[in-house]
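Start counting the sequence shown at 794; every next residue gets the next number (this note's numbering). Yeah, the Cβ is synthetic: ideal placement off N, Cα and C, and Gly gets one too. This one's a predicted model, so the numbers in the text were calculated from it and none came from an experiment.
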Amino acid sequence: MKTLGRALQAGQSNVINAERAAQGAQREMLEKQQLLGAAKHRLTELSKRIKCARSDLELTRKAVEKADSAAHQAQINAARNKRDNPLSLSLPST
794 MKTLGRALQA GQSNVINAER AAQGAQREML EKQQLLGAAK HRLTELSKRI KCARSDLELT
854 RKAVEKADSA AHQAQINAAR NKRDNPLSLS LPST
């Protein structure tokens, strides 16, 4: 009888330990799911920021092209004005 009682106590102890381990595993899984959710949210936010940065970069690139074109045209116009009106750039003598 004592052996059967000890076996029963050992079995009950094993069940309690298994339940505790299962609860710990559930808590750990919940924590991991929360971390995964936070990481997914961060990834979404970073993806949005990258998309905006790429858009800003493209707008900046287009603005640089326009400015470069305008500067080039200004150089052409200045050279043409200098060639067509050589006296207009000289200062009058006093």
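In the structure shown, the three-state DSSP call for residue 794 is coil.
The straight-line gap separating the alpha-carbon atoms of residue 794 and residue 826 is approximately 47 Å.
Excluding residues up to 5 positions away in sequence, nothing lies with its Cβ nearer than 7 Å to the Cβ of residue 865 in the same chain. In the structure shown, residue 807 adopts helical secondary structure according to DSSP, grouped into three states.
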